[in-house]
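Working notes, structure below.
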Amino acid sequence: MSAHPDTATSPDEGHYNFAYLDEQTKRMIRRAILKGIAVPGYQVPFASREMPMPYGWGTGGVQVTAAILGADDTLKVIDQGSDDTTNAVSIRGFFEKTAGVETTTRTSEASIIQTRHRIPEALLTEDQVLVYQVPIPEPLRFLEPRETETRKMHALAEYGLMHVKLYEDIARNGHIATTYAYPVEVNDRYVMDPSPTPKFDNPKMHEMAALQLFGAGREKRIYAIPPHTKVKSLDFDDHPFEVQKFEKPCGLCGAENVYLDEVILDDKGGRMFVCSDSDHCEDRRSHGHLGEMAADPAASHLASTGEERA
Amino acid sequence: MYVAVKGGEKAIRNAHKLLAKQRRGRTDVPALTIDQIAEQLAISVARVMGEGSLYDEALAALAIKQSRGDLIEAAFLIRAYRTTLPRFGYSEPLDTANMLVERRISATYKDLPGGQLLGPTFDYTHRLLDFTLAAEGEAPLDAVETAAIDEGPMPRVTDLLSDEGLMETDPLPQEDDVVGDLTREPLSFPADRDLRLQNLARGDEGFLLALAYSSQRGYGRTHPFTGEIRYGAVEVEFFAEELGFAVSLGEIKLTECQMVNQFDGSAKTPPKFTRGYGLVFGQVERKAMAMSMVDRSLRWEELGEECTAPVQDAEFVLSHSDNIQATGFVEHLKLPHYVDFQAELDLVRRMRKEWFAAREKRDEDLGLSETKEQEAAE
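Protein chains in written order, with my numbering: chain U, 21 to 330; chain R, 8 to 385.
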């Protein structure tokens, strides 16, 4: 056993390997990740395993994280931008239990950030890896349900169908009616699904310093964007890509140009907008930035930190 | 007041405590034992072993207990456990002709070598609730008279038919043929029959049942006859490299179904019977039958038939048969989606604003706005 210090003893004895997966499986996943990095935006099939959480709840992201996680890593897990969302809590707990790694809610302290539906507001660095949980990796899936066809379309870079779809949106609605999972072109080659992040986050993917890895467990695909890679949201010359704009700043920390969650306060139409990225919001508040609702008792339960609530 | 669905660790812990309590139920009712489940809910156990893809009655019974009888949840527990098991290798092919048969029926022949053996079955029972089972004690079970089973192998009906050349023969496996394994390589299309059968064997009973049923109702008809269903114990052998011969690992109980299908022939193939194959753990006959019908339907291409129905569409069938995948993805809609919903809200608001603005402008252009003002005044 000395050659494999962290290899599993039999599960009968109640032990699992470091970060749950056995070393052979991790190696298989790492190979897929390396291939994904070598061909940015290309969906690499991999032999996704059954994990102890359901498909569609982050098994792809969890497998990628398990494969790249080392004992000295610090892990952050967010869902909807927040560390204390139920599923983020559950996944963080999973790695605390199976890998015993340090976890954090602070974006700047994390070496690996696993995310569902958001990219943190703070700029990520070259020392960080962002792992996305992906439900449907195939950007062409809703245009063409057949895998045999979509793989062909990618191979031939035959993306006309996607442009037609976006054009039809404009013709019908005057807008591109895709607000999240907005397709991007990576490194001038593959059209890629950024996972269901709001299109607000798309520009952050472009030339990002951190490595971006995408894991789709149920669909058995891994893809990647290496650091400092060109990522372009699809658009037209006369209908350039644009992101959502919010009319008000965050009610708690006053941040502008961040993604906000709408929180309904009562049944009389009272609502406020707060940062979706809870760490960003807390960080700003601790530096003295206060929004107009910060002192409002109606918002007090939102202003408390994750730790306090737990 | 609506409270934001951001739950803390405490909420999750408490939810799980509540679940444990609900699972146990009233404490004045004795707890189920694993043996009771394994013995008395054997068909549930078999289903969980099959869809969970791991033959272990005790673990499947435990999973059923833990999941409060939710069989898909139980199969999921088994799958997640199975992932962590070391893999020594692949067994030798099973020889179902040498099955220790407990039940064997054919709907195509009145009598056949080896005989018909009804065995334990719900068939021909009247589905009347047996209230004696609800009473505390059960009536003593009657002694059973069973026919003596012939010693020696029991040839499969499909082997009998192929002697006449009426039945397609199975291609003989080559020594170096690699059997696919979709737990080790992701499924890709087109998928060969080995992978299709593996996928179906792990697939959801209800899904396969509905697909097979659809083929009987005109969506891709295959004219099936039950050539044979057999249920019993089969020895599993493993070739040990160190020893140089195969050793027995033990017995597993299986149901095998060979569905015989009419086939008019095509440009490629003369008229003859073809077949569909079903093999499942335990006595899960419904699934074995459905599996064999779906298997046959998926063979349209090799037999030169037309693909007209969902049951024939390999990408459709194989991509959606796994209930662990299906339940996960359907149920993930319970997870918060407010970031994406926010994006949609924003768009709908913007589109509505434009819609009303456009209508107002149109009304103005048509001179309707004055009328509206008049109406408002009235």
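Just so you know, even glycine gets a beta-carbon here, dropped at the ideal spot from N, CA and C. Computed from a predicted model, the values in this text were never measured in an experiment.
Practice prompt. Using a Cβ-Cβ cut-off of 9 Å, state whether methionine 266 of chain R counts as contacting chain U.
Written response: no
Item to complete: Check whether the Cβ of threonine 168 of chain U lies closer than 9 Å to any Cβ atom in chain R.
Response: Interface residue, yes.
Worksheet entry | Within chain R, the residues that histidine 137 of chain U reaches when beta carbons sit closer than 8 Å | His344, Val346, Asp347
Discussion item. Using only the alpha-carbon positions, how far apart do proline 165 of chain U and valine 254 of chain R sit?
Written reply: 46 Å
Practice prompt. Can you check DSSP and say which residues form a bridge with aspartate 281 of chain U?
Written response: U:Val294.
Worksheet entry | Stretch-stretch touch, CB-based, cutoff 8 Å, three pairs: the segment 211–230 of chain R with the segment 303–321 of chain R | yes
Practice prompt. May I ask you to report which of helix, strand or coil DSSP gives threonine 325 of chain U?
Written response: Only weak support is given to the placement of threonine 325 of chain U: the predicted model assigns it a pLDDT of 47, under 50, and the question is left unresolved by the model.
Item to complete: On the DSSP bridge assignment, give the partners of threonine 281 of chain R in chain order.
Response: Paired residue(s): R:Asn268.
Item to complete: Please state if the CB of threonine 176 of chain R and the CB of glutamine 265 of chain R are separated by a distance shorter than 9 Å.
Response: no
Practice prompt. Just mark tyrosine 279 of chain U as buried or exposed, buried being the case when its beta carbon has 16 or more other beta carbons within 10 Å.
Written response: In the assembly as shown, tyrosine 279 of chain U is a buried residue. Its beta-carbon has 16 or more other beta-carbons within 10 Å.
Practice prompt. Pair every Cβ in the segment 233–246 of chain R with every Cβ in the segment 193–209 of chain R, then say whether three or more of these pairs are closer than 8 Å.
Written response: With the cut-off at 8 Å, the segment 233–246 of chain R and the segment 193–209 of chain R do not touch.
Worksheet item: Nearest-angstrom Cα distance between arginine 303 of chain R and lysine 260 of chain R?
Response: 24 Å
Worksheet item: In three-state DSSP terms, what is glutamine 100 of chain U?
Response: coil
Discussion item. I want to know whether the segment 103–122 of chain R touches the segment 240–258 of chain R - three or more CB-CB distances under 8 Å.
Written reply: Yes: at least three Cβ pairs fall under 8 Å.
Discussion item. Relative to the C-alpha of leucine 41 of chain U, which candidate in U:Pro65, U:Pro60, U:Tyr62, U:Gly90 has its C-alpha closest?
Written reply: U:Gly90
Item to complete: Consult DSSP for valine 204 of chain U and reduce its assignment to one of helix, strand or coil.
Response: strand
Worksheet item: Closest to arginine 351 of chain R by CA distance: which of U:His174, U:Pro246, U:Gln264 is it?
Response: Before going further, note that residue 351 of chain R is glutamate rather than arginine in the sequence given. Taking only the C-alpha atoms, the option nearest glutamate 351 of chain R is U:Gln264.
Practice prompt. Measuring only between beta-carbons, confirm whether glutamate 308 of chain R sits less than 9 Å from chain U.
Written response: no
Practice prompt. Would you list, in chain order, the members of the segment 55–81 of chain U that have their beta-carbon closer than 7 Å to a beta-carbon of chain R?
Written response: Pro65, Phe66, Ala67, Ser68, Arg69, Glu70, Met71, Pro72, Pro74, Tyr75, Gly76, Trp77
Item to complete: To the nearest angstrom, report how far apart serine 298 of chain U and phenylalanine 245 of chain R are at their CA atoms.
Response: 55 Å
Practice prompt. Give the straight-line distance between the Cα atoms of valine 82 of chain U and isoleucine 111 of chain U, rounded to the nearest whole angstrom.
Written response: 8 Å
Item to complete: Taking C-beta pairs closer than 7 Å, name the residues in chain A that glycine 194 of chain U reaches, listed in chain order.
Response: Absent from the structure is chain A; the protein chains it does hold are U and R.
Practice prompt. In the DSSP assignment, find the beta strand (DSSP E) that holds glutamine 29 of chain R and state where it starts and stops.
Written response: Premise fails: glutamine 29 of chain R lies in the alpha helix (DSSP H), 16–31, not in any beta strand (DSSP E).
Worksheet entry | Rounded distance between the beta-carbons of isoleucine 50 of chain R and glutamine 290 of chain R, thought under 8 Å | So it is a contact: roughly 6 Å between Cβ atoms.
Fill in: Bridge partner(s) assigned by DSSP for lysine 239 of chain R
The displayed chain sequence assigns glycine, not lysine, to residue 239 of chain R. Its beta-bridge partners are R:Val108, R:Leu261.
Worksheet entry | Interface partners of arginine 193 of chain R on chain U, CB under 7 Å | What sits at residue 193 of chain R in the sequence shown is proline, not arginine. Correct list: Pro65, Phe66, Ala67, Ser68, Lys240.
Worksheet item: Does phenylalanine 83 of chain R have its Cβ less than 9 Å from a Cβ in chain U?
Response: The Cβ of phenylalanine 83 of chain R sits closer than 9 Å to at least one Cβ of chain U.
Discussion item. So tyrosine 36 of chain U contacts chain R; which residues on that side make the cut at Cβ distance below 7 Å?
Written reply: Thr91
Practice prompt. State the CB to CB distance for the pair isoleucine 19 of chain R and valine 121 of chain U, rounded to an integer number of angstroms; the pair is presumed to be in contact (CB under 8 Å).
Written response: Not a contact, Cβ separation roughly 20 Å.
Worksheet item: At what residue ranges does the segment 88–151 of chain U contain a whole run of the alpha helix (DSSP H), taking only runs of 4 or more?
Response: You should have 106–118.
Worksheet item: Roughly how many whole angstroms lie between the Cα atoms of valine 324 of chain R and valine 301 of chain R?
Response: 9 Å
Worksheet entry | Which of helix, strand or coil DSSP assigns to serine 51 of chain R | helix
Worksheet item: Which chain R residues sit within Cβ distance under 9 Å of proline 281 of chain U?
Response: The sequence as given places aspartate at residue 281 of chain U; proline does not occur at that position. Correct list: Ala11, Tyr345, Val346, Gln349.
Discussion item. Rounding to the nearest angstrom, what Cα-Cα distance links serine 102 of chain U and serine 296 of chain U in this structure?
Written reply: A straight line joining the alpha-carbon of serine 102 of chain U with that of serine 296 of chain U spans about 7 Å.
Practice prompt. Could you work out which residues of chain R lie near serine 296 of chain U, taking near to mean beta carbons separated by less than 7 Å?
Written response: Val346
Worksheet entry | Beta-carbon gap between cysteine 273 of chain U and histidine 309 of chain U smaller than 9 Å | Taking 9 Å as the Cβ cut-off, cysteine 273 of chain U and histidine 309 of chain U qualify as a contacting pair.
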